[in-house]
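Following our numbering, the numbering of the sequence shown begins with 1 at its first residue and continues without gaps.
Note that CB positions come from ideal geometry on N, CA and C, so glycine has one too.
What follows is a single structure, written as structure tokens, with notes after it.
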Amino acid sequence: MSGHEHQLTDEEAAAMFEPESWEERYSSEETIWSGNPNPQLVAEVSRLTPGTALDVGCGEGGDVIWLARKGWRVTGADFSANGLARAARHADEAGVADRTDWWQVDARTFAADGRSYDLVTTHFLHPPDGGMVEVAGRLAEAVAPGGHLLVVGHAPSEMFPHLTASHRRAMFVAEDLLPGLPDGFEALVAEQRPRSMVRDGVTVDVHDSTLLARRTA
């Protein structure tokens with residue numbers, strides 16, 4: 001963190017969890033994310049047979065595009081209409097528009113409603129105050145028998161001193177999510193994986209909480 005980085009108030013932190021904040025961010029011309037697939041997605045999904053996939057919190061579509069290029073038929077879901085518009089444009093530019101669909105939905109109220117996918121994945125989705133346990137359970141309902149759920153997030157860390165207490169409570173370790181999974185799921189991976197990232201021009205070490213579970217029934 002730079003010496004002049006803004007310390008968020010509780011009100012500002014709460015707003016960052018809401019769609020309006022992300023609609024504003026995605027309304028600018030500036031690209032928010034790198035466009036590269038998340039490393040734990042690549043590590044875990046490269047060994048799976050392509051089928052249908054749902055990426056919740058897809059943002060600008062980097063993971064959707066990677067999955068589509070690997071042969072998956074992908075639905076990208078996000079609560080921001082502007083984010084989905086960006087993602088659709090990027091998918092078109094990448095030549096995978098015919099393998100992608102888009103769904104505007106808030107993960108906190110997500111319901112499968114009869115839809116099922118061979119892979120349901122979400123990366124760095126952090127609803128406040130431990131809400132990811134419930135969200136993981138909701139997403140698991142959309143996994144087809146024999147399919148996989150992959151949830152990746154920030155493990156608790158002191159590397160982000162500007163974060164509020166609410167943001168810190170939104171972080172999780174993979175084992176925290178296990179009670180939220182419905183019956184019929186087998187956890188294949190539940191661990192914190194080290195990763196290096198660049199923040200304010202400095203390389204720092206962080207950990208990705210990584211849960212991969214398979215629906216057995």
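Chain-order list of residues whose beta-carbon lies under 8 angstroms from that of residue i (same chain, five-residue window excluded)
i, result
"valine 173", "Ala155, Pro156, Gln192, Ser209"
"alanine 97", "Ala88, Ala91"
"valine 133", "Phe172, Asp176, Leu177, Pro179, Gly180"
CB of residue i within 9 angstroms of CB of residue j, strictly
i, j, result
"leucine 54", "alanine 187", "no"
"leucine 48", "leucine 149", "no"
"tryptophan 72", "proline 50", "yes"
"alanine 77", "arginine 99", "no"
"alanine 144", "aspartate 118", "yes"
"alanine 140", "glycine 95", "no"
"alanine 170", "aspartate 129", "yes"
Cβ neighbour criterion (16 or more within 10 Å) applied to residue i
i, result
"serine 46", "exposed"
"serine 196", "exposed"
"glycine 147", "buried"
"valine 56", "buried"
Inter-residue Cα distance where the pair is residue i and residue j
i, j, result
"alanine 136", "valine 152", "10 angstroms"
"glutamate 44", "alanine 190", "12 angstroms"
"arginine 168", "valine 204", "18 angstroms"
"arginine 138", "aspartate 101", "20 angstroms"
"proline 194", "glutamate 93", "32 angstroms"
"alanine 213", "histidine 207", "19 angstroms"
"proline 182", "aspartate 176", "14 angstroms"
"alanine 81", "leucine 41", "24 angstroms"
Neighbourhood of residue i by C-beta, 7 angstroms cutoff - its chain only, sequence neighbours within 5 removed
i, result
"arginine 115", "Ala142"
"proline 37", "Gly62, Asp63, Trp66"
"arginine 221", "This structure leaves residue 221 out entirely; the chain is present only between 1 and 217."
"alanine 217", "Pro145, Gly184"
6 angstroms Cβ shell around residue i - same chain, five flanking residues per side excluded
i, result
"phenylalanine 110", "Arg138"
"threonine 52", "Arg73, Tyr117, Asp118"
"threonine 75", "Leu54, Asp101, Trp103"
key: the stretch 116-126 / the stretch 193-207 touching (three or more Cβ pairs under 8 angstroms)   = Pairwise C-beta distances place the stretch 116-126 out of contact with the stretch 193-207, as fewer than three of them are shorter than 8 angstroms.
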